[in-house]
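Structure, as structure tokens:
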Amino acid sequence: MYKSKIFYIKVSGDYAMWTSAHSKTSGDRTTYQVPTKEALRGIADACYFKPTFINRIDEVKVINQIKTETMGARTLLNKGGNDLNNYSYLRDVCYLVKFHFEWNLDREDLVNDRNIKKHEAIMERSLKRGGRRDVFLGTRECYGFVEKIDKVEYEQAKSFYEGQNLSFGIMFSEFIYPTKPGKKLISCFTDTTMNDGVIKFKDSKDCEIKNTLDTYSFKYPDEIKSVDKEYEEYENFEEGGL
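Mapped onto the working numbering, the consecutive letters of the sequence shown carry residue numbers 1077 to 1318.
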């Protein structure tokens, strides 16, 4: 499978909540100590995504010390009244993310849109602008910022956890999305470790635990704008000096 060049970004924010799977069924919300592969893919998608390709997260470097803060939130009950729930957040987060993209081989109808040079160029320009859509660090109240960096900056950046090997136990990693109607959505969990501040993500096929969820509401996507058209619009936008 063809892989794009490697991209590097810095993701930061005042707060983040990478909601742990076990707390999603209760009123209280707790956060994983580190971001999941699925959450980071969502951030990469917010920078640039098309059905033609799939963004793949390779690894993340945790720069700042992991610090949590608990806040109380009043939520409305179905039968009236309200309840006080506790939400735990991460504070002052900063991550360096390494990723690439690969062609979506399930979309043979988009084979003519596989122009690697133009997709890479659009990704580069989108990252320089901080992405194409708003970035949230787990939840909408946790706004994030994206900054393009290069390989040297990534490799030379120091993590608070240099010289340490940490285990976070079994964590949710990512979803395997169905490609046809009637197929199931699969959630993948894996033993997650961090060495010298770096988490190297496993491929979904290598995750130790997989859960089959309810039938996914699959729908065939609408016609997309071609990469040639998008690239032309970027060129015109920059030439106009807007």
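All C-beta atoms in this analysis are idealised placements derived from N, C-alpha and C, irrespective of residue type, glycine included.
* Provide the residue span of the alpha helix (DSSP H) that contains V1274, from first to last. => Taken as a continuous stretch (DSSP letters only), V1274 belongs to no alpha helix (DSSP H), being part of the beta strand (DSSP E) at V1274 to K1276.
* What is the C-beta distance between I1119 and V1211, in whole angstroms, given that I count them as a contact (C-beta under 8 Å)? -> Contact flag correct, Cβ pair sits at about 5 Å.
* So the alpha helix (DSSP H) M1199 belongs to, where does it begin and stop? -> I1192 to K1204
* Do the CB positions of S1096 and F1251 come within less than 9 Å of each other? -> Cβ distance not < 9 Å, so S1096 and F1251 don't count as in contact.
* Asked: Within this structure, are the beta carbons of S1080 and D1189 separated by less than 9 Å?
  -> no
* Do you know offhand how far K1276's Cα is from L1261's? -> 24 Å
* Asked: Taking Cβ to Cβ, would you say Y1084 is nearer than 9 Å to R1201?
  -> no
* Asked: Taking Cβ positions only, does Y1237 come closer than 9 Å to chain E?
  -> Although the question refers to chain E, the structure presented lacks it and comprises just one protein chain.
* Does DSSP put E1114 in a helix, a strand or coil? -> helix
* **Extent of the continuous beta strand (DSSP E) to which Y1091 belongs** => Counted as a single uninterrupted DSSP element, the beta strand (DSSP E) harbouring Y1091 occupies residues F1083 to A1092.
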